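Novice: Going left to right, the sequence shown walks through residues 908 to 1260 as the working numbering numbers them. Every residue, glycine too, gets a C-beta built ideally from N, C-alpha and C. Since we're looking at a predicted model, the values are computed, not measured. Have a look at the structure that comes next, please.
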Amino acid sequence: MNSTLFLGHGKTEMRGGPAIFMSIYNLWPEEEKYLIYEKSYFHALKKLIIFTRHKKISTLILENEYFTEVFLGFMLKIYNRKLNIYGPAYHIPSPPEFGKGVLNSLIHYIDYKLGLFLMVYIYSGIYTENSYMKNYIKGLNPELEVIVESPGIRKGDIVPLVQIKNFHRDIDFLYLTSMTRNKGIYDFLEMIKQVQRDHDGIKACIAGYASTEILDYINSFVKNNAIKNIEIYPNINEKEKYKLYSRSKIYVLPSIEDGIPITFYEAWSHGDLVIAYNLETYSDISDYFIGVRKGNTEDLIRICENAHMYYATQFKDFFEKSYNYSMQHSYENGIEKIIKNIMESTNSVPPEE
């Protein structure tokens, strides 16, 4: 009988990549499946060592694309050459720049790049959200199977088009994701600071996962720069999250590294304009958001101001086509297609004798 092990460790809330990983596990059709998922990498490693003493697996599915995790798959592959390994590769991190936090950025970059390099040679297949990553991976290993699926809005969270047009939108700019440098929280704060100085009555909202350190920085920044009319929610549930989308005009995500964020589909499905840095991984969705040169806060401020001043026109240009695009990418269908492709691939491989 085939047996599958799901191996991962996550330090943030269950969204994005972790949510996709756990959804694949929950819907995985084989009866003999196992899960090792710990916040601590070392706790996950300890459980893996104990597990491999008693169980033998035919398929391994990893949550992350970092070398520290992919290396565990490599070690298992040494002892079981026929082991099928699958996992995600959503994006490529930006090279580190000199300045505050450069050491952490360098470690993050090397960890990811080494992981991706190892993946393309030991994996049976990789799943991703965008064609840019598929082309990048195929350039390294043309024979590797790459599954492109972008799980989006959950079916239960879909709102009828007619209802969306009647939302009372009192928030001008919304930031809703993990509050980290890579996701663009610092650039969002700089944008709000300047836009509020240039325009009266601007209301902003920040929501999502935040460490204590980041939350302290945000509160200090808001206070020191006299930012008014801002709501901050470091922890929100699903119901509260969608209320924020329905209250917002413009969703801003100045992330410097990402796949295609699930938050884009959530924002589009609730009628929000989306403004984001132009990333290579966004090439499939370039018609559905307003792009800004990556890392250019001056452009971000200018484009956000323009979107605010000409909101009615911008809304008309993007609303319906973005909404319709989000409807084509249900979360459930995306997960089912990833599973189907992995299952078909593993079934095509002769079982170990």
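Using a Cβ-Cβ cutoff of less than 7 Å, which residues in the same chain neighbour Y973 once the five nearest sequence positions on both sides are dropped?
Specialist: Taken in chain order, the residues that qualify are D1018, Y1019, G1022.
Novice: Would DSSP call K1228 helix, strand or coil?
Specialist: Correct three-state label for K1228: helix.
Novice: Going by alpha carbons, who is nearest to I943 out of R922, G923, E976?
Specialist: Among R922, G923, E976, the Cα nearest to that of I943 belongs to E976.
Novice: Mapping the DSSP letters down to three states, classify Y1030 as helix, strand or coil.
Specialist: Correct three-state label for Y1030: coil.
Novice: Taking only the alpha-carbon atoms, compute the straight-line gap between Y1227 and I1113 and give it to the nearest angstrom.
Specialist: It should be pointed out that residue 1227 corresponds to Glu in this sequence rather than to Tyr. E1227 and I1113: Cα-Cα distance of roughly 25 Å.
Novice: Could you tell me the boundaries of the beta strand (DSSP E) in which V1066 lies?
Specialist: No beta strand (DSSP E) contains V1066, which DSSP labels as neither H nor E.
Novice: Check whether the segment 1090-1101 and the segment 1122-1133 are in contact - that is, three or more C-beta pairs closer than 8 Å.
Specialist: Output reads yes: the segment 1122-1133 touches the segment 1090-1101.
Novice: Residues in the same chain with beta-carbon distance under 6 Å from K1247, minus the five sequence neighbours each way, listed in chain order, please.
Specialist: Answer for K1247: no residue qualifies.
Novice: Taking only three categories from DSSP, how would you classify F1196?
Specialist: Three-state result, F1196: coil.
Novice: Looking at the unbroken beta strand (DSSP E) that takes in P995, where does it start and where does it end?
Specialist: Note, P995: beta strand (DSSP E), 991-995.
Novice: Per DSSP, what kind of secondary structure is D1077 in: helix, strand or coil?
Specialist: Residue state, collapsed to three classes: coil.
Novice: Given A951, which residues of its chain have a CB within under 6 Å of its CB, disregarding the five upstream and five downstream residues?
Specialist: Cβ neighbours of A951 beyond the five flanking positions: H916, I943, E945.
Novice: Pair every Cβ in the segment 1148-1155 with every Cβ in the segment 1111-1128, then say whether three or more of these pairs are closer than 8 Å.
Specialist: Yes, since at least three Cβ pairs between the segment 1148-1155 and the segment 1111-1128 fall closer than 8 Å, the two stretches touch.
Novice: At a cut-off of 7 Å, would you count P1168 as near the ligand COA, judging by its Cβ distance to the nearest heavy atom?
Specialist: Looking for the ligand COA in the displayed structure turns up nothing, as the structure carries no ligands at all.
Novice: Excluding five sequence neighbours on each side, which residues of the same chain lie with their C-beta closer than 8 Å to the C-beta of I1208?
Specialist: Only E1097, M1098, Q1101, V1102 meet the Cβ criterion.
Novice: Across the segment 1182-1193 and the segment 1024-1039, are there enough close Cβ pairs to call them in contact, namely three or more that are closer than 8 Å?
Specialist: Yes: the two stretches touch, three or more of their Cβ pairs being nearer than 8 Å.
Novice: Can you name the residues that DSSP bridges to G915?
Specialist: In DSSP, G915 forms a bridge with Y944.
Novice: Residues in its own chain within less than 6 Å of Y1232 by CB, not counting five upstream and five downstream?
Specialist: Excluding residues within five positions, the ones whose Cβ falls inside 6 Å are Y1195.
Novice: In three-state DSSP terms, what is A1117?
Specialist: It is coil, neither helix nor strand.
Novice: Exposed or buried, M1026, counting other C-beta atoms within 10 Å across all chains shown (16 or more means buried)?
Specialist: That one is buried.
Novice: Are at least three pairs of beta-carbons, each pair with one atom in the segment 1078-1087 and one in the segment 1044-1054, less than 8 Å apart?
Specialist: No, because fewer than three Cβ pairs between the segment 1078-1087 and the segment 1044-1054 fall closer than 8 Å, the two stretches do not touch.
Novice: Return the first residue and the last residue of the alpha helix (DSSP H) that I1246 is part of.
Specialist: Residues 1238-1254.
Novice: CA-CA distance, H998 and N971?
Specialist: H998 and N971: Cα-Cα distance of roughly 11 Å.
Novice: P1257 to P1000, Cα distance in whole Å?
Specialist: Residue confidence for P1257 is low, a pLDDT of 45 falling below 50, so the modelled location carries little weight and cannot support an answer.
Novice: Would you grab the beta carbon distance between P1058 and Y1238 for me? Rounded to a whole angstrom, and I think it's under 8 Å.
Specialist: At roughly 4 Å, the Cβ-Cβ gap stays under 8 Å, so P1058 and Y1238 are in contact.
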